[in-house]
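S.K.:
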Amino acid sequence: MSPRSYLHEARRRVAPKRERIRPIIERLAAAHPDATIALRSQSDIELLVAVMLSAQTTDVNVNRVTEKLFAKYQRPEDYLAVPPEELERDIFATGFYRQKAKSLRGTMQMLLEQFDGQVPRDLDQLVRLPGVARKTANVVAAELGTPQGIVVDTHVRRLSQRLRLTRQDDPVKIERDLMRLVPREDWGRFPHLLIWHGRRVCIARMPRCEDCVLTDLCPSSRV
Ligand code: SF4
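Each position in the sequence shown, counted from 1, maps to that position plus 243 in our numbering.
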């Protein structure tokens with residue numbers, strides 16, 4: 244059965260989403276106490292770089308690349324001190340390396356010129372950085388302890404739909420629905436909970452409903 248079929252299969256009667264959201268968060272937090280960002284970083288700059296490099300590739304791949312990268316590049320100046328081709332080579336394995344290198348250099352330049360070399364916390368400022376889209380900005384702001392939105396990736400989108408927390412398909416509209424529903428103090432951890440649950444249990448092609456802690460809260464449950 245295709246992933247979409249599961250959406251159309253959704254017919255079990257459950258409580259309204261406003262009543263379900265807190266138990267959903269609590270149960271997922273208990274089931275996935277290790278649900279945090281999988282990208283490794285040890286500073287704000289490293290976090291920003293890792294998230295920028297993670298577009299169109301896996302977190303495992305980014306961690307492999309950044310292990311060497313962060314030993315060589317620590318400050319924004321370091322990314323500008325080498326020829327563009329050298330930076331491209333150093334991030335090659337993350338894919339789209341030309342565009343990513345250009346974005347990294349542009350971002351580091353702007354950080355130095357406009358933000359004192361620091362990563363801003365404000366979403367409006369983060370999205371002004373070259374190559375930093377709303378999703379990247381959301382991830383960075385949340386990890387820096389100041390979530391201003393809810394990250395919607397492929398797992399968050401699929402699970403929000405299966406759990407009927409949204410009827411939307413467009414990530415921007417899904418985020419808007421989630422921001423109205425999820426308590427503000429949970430905006431940072433909520434996407435991680437859905438992402439880990441999506442990787443381990445509510446898998447795209449074959450959700451493992453029999454092992455899921457949300458069966459009585461999920462209209463798409465198969466058990
Ligand atoms: S019961 Fe759990 S695994 Fe099954 S569709 Fe719902 S959230 Fe996904």
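Even for Gly, the Cβ is constructed at its ideal location relative to N, Cα and C. Values in this document were obtained by computation on a predicted structure and should not be read as measured data.
(1) Please classify serine 286 as buried or exposed, where buried requires at least 16 neighbouring CB atoms within 10 angstroms.
(2) Taking 8 Å as the cut-off, is the C-beta of threonine 458 nearer than that to any heavy atom in ligand 1?
(3) Let me check you understand the geometry: is the CB of arginine 410 closer than 8 Å to at least one non-hydrogen atom of ligand 1?
(4) What residue range does the alpha helix (DSSP H) around methionine 295 cover?
(5) Drop a sphere of 10 angstroms on the beta-carbon of glutamine 299, count the other beta-carbons inside from all chains shown, and report buried for 16 or more, exposed for fewer.
(6) Taking the beta carbon of methionine 295 as the centre, do at least 16 other beta carbons fall within 10 Å, making it buried, or is it exposed?
(7) Tell me whether serine 284 sits in a helix, a strand or coil according to DSSP, three-state version.
(8) Do serine 463 and leucine 406 come within 9 Å of each other at the CB atom, strictly closer than that value?
(9) Where do the N-terminal and C-terminal ends of the alpha helix (DSSP H) with aspartate 367 fall, by residue?
(10) Compute the Euclidean distance between the alpha carbons of isoleucine 438 and cysteine 445, then round it to the nearest angstrom.
(11) Kindly indicate which three-state DSSP category glutamate 252 falls into: helix, strand or coil?
(12) Take every Cβ of the segment 347-362, pair it with every Cβ of the segment 311-322, and state whether three or more of those distances are shorter than 8 Å.
(13) Output the distance between the C-alpha atoms of glutamate 252 and cysteine 461, rounded to the nearest integer angstrom.
(14) Would you tell me roughly how many angstroms separate the C-alpha atoms of alanine 258 and arginine 265, rounded to the nearest one?
(15) With H, G and I counted as helix, E and B as strand and the rest as coil, what does DSSP make of isoleucine 393?
(16) State buried or exposed for proline 450, treating a residue as buried only when at least 16 other CB atoms are found within 10 Å of its CB.
(17) From what residue to what residue does the alpha helix (DSSP H) around glutamine 352 run?
(18) Let me know if leucine 431 comes out buried or exposed under the rule of 16 or more other beta-carbons within 10 Å of its beta-carbon.
(19) Tell me whether isoleucine 446 sits in a helix, a strand or coil according to DSSP, three-state version.
(20) Measuring straight from C-alpha to C-alpha, what distance separates leucine 372 and aspartate 459?
(21) Ordered along the chain, which non-local residues of its own chain (more than five positions away) have a Cβ less than 8 Å from that of phenylalanine 358?
(22) How many angstroms separate the CA atom of proline 276 from the CA atom of glutamate 428?
M.R.: So, from the listed chains and residues:
(1) Exposed is the call here.
(2) yes
(3) no
(4) 287-296
(5) Exposed, since its Cβ has fewer than 16 Cβ neighbours within 10 Å.
(6) Per the 10 Å Cβ criterion, buried.
(7) coil
(8) yes
(9) 366-369
(10) 9 Å
(11) With a pLDDT of only 48 at glutamate 252, under the threshold of 50, the placement of this residue in the model should not be trusted, and no figure is reported.
(12) Yes, since at least three Cβ pairs between the segment 347-362 and the segment 311-322 fall closer than 8 Å, the two stretches touch.
(13) Residue confidence for glutamate 252 is low, a pLDDT of 48 falling below 50, so the modelled location carries little weight; the figure read from the coordinates is stated next. Those two C-alpha atoms are separated by around 12 Å.
(14) Rounded to the nearest angstrom, the two C-alpha atoms are 12 Å apart.
(15) coil
(16) Of the residues assessed, proline 450 falls on the buried side of the cut-off, its CB having 16 or more other CB atoms within 10 angstroms.
(17) 340-357
(18) One detail in the question is off: residue 431 reads as glycine in this sequence, not leucine. Buried, by the Cβ-count rule.
(19) coil
(20) 43 Å
(21) Gln368
(22) 17 Å
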